[in-house]
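**Q**
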Amino acid sequence: MKKFFFVIILFILSLNIVHANEDLKNKIYKNIRCIVCQGQSIHESNSDFAIDLKKLISKKLDNGENEKQIYEFLISRYGEWIVYNPRFNFNSLSLWLLPFIIFMIGGFLIFRLNNNKKR
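Quick note on numbering: numbering that gives the first Met the number 0 labels position 38 of the sequence shown as 37, and the sequence is numbered without any gaps.
(1) Okay, do the region 28-46 and the region 76-90 touch, 3+ Cβ pairs below 8 Å being the bar?
(2) Assuming L55 and L23 form a contact by the criterion Cβ under 8 Å, report the distance between their Cβ atoms to the nearest whole angstrom.
(3) Give me, in chain order, the residues of the same chain whose beta-carbon lies closer than 7 Å to that of Y70; leave out the 5 immediate sequence neighbours on both sides.
(4) Which value, in whole angstroms, describes the spacing of the CA atoms of C36 and S44?
(5) Considering only the beta carbon of each residue, do K58 and I41 sit closer than 8 Å?
(6) Helix, strand or coil: how does DSSP classify I100 here?
(7) Measure the alpha-carbon distance for N25 versus E66 and round it to whole angstroms.
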């Protein structure tokens, strides 16, 4: 009877591990851009590139690589553009701050022009 419960517990644990692995695969698939289908992730795409990339990611996960290692490999091979959530770096900082800086300069100029007209 103990062996039966032990087997059941091992079976349930193995199902949880497989489910977690599938969740991780889907998370990675949804964050990788298909270079053939503009604007789609490889999760949504059925192109040959997406299918091959899914196989590659599955193989790397089966070999024990983690999510970060897979992203680093794909970025080194295809460039930062391949991921939907790129790493934070100086170039991305300037893209986020540039509209704010332009808004602040524009507001300052409008304020100055209004003050000059009142005088």
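The C-beta atom is built at its ideal place from N, Cα and C for all residues, glycine as well.
**A** Quick look at the numbers:
(1) yes
(2) With 8 Å as the limit, L55 and L23 do not qualify as a contact, their Cβ atoms being about 15 Å apart.
(3) V82
(4) 7 Å
(5) no
(6) helix
(7) 11 Å
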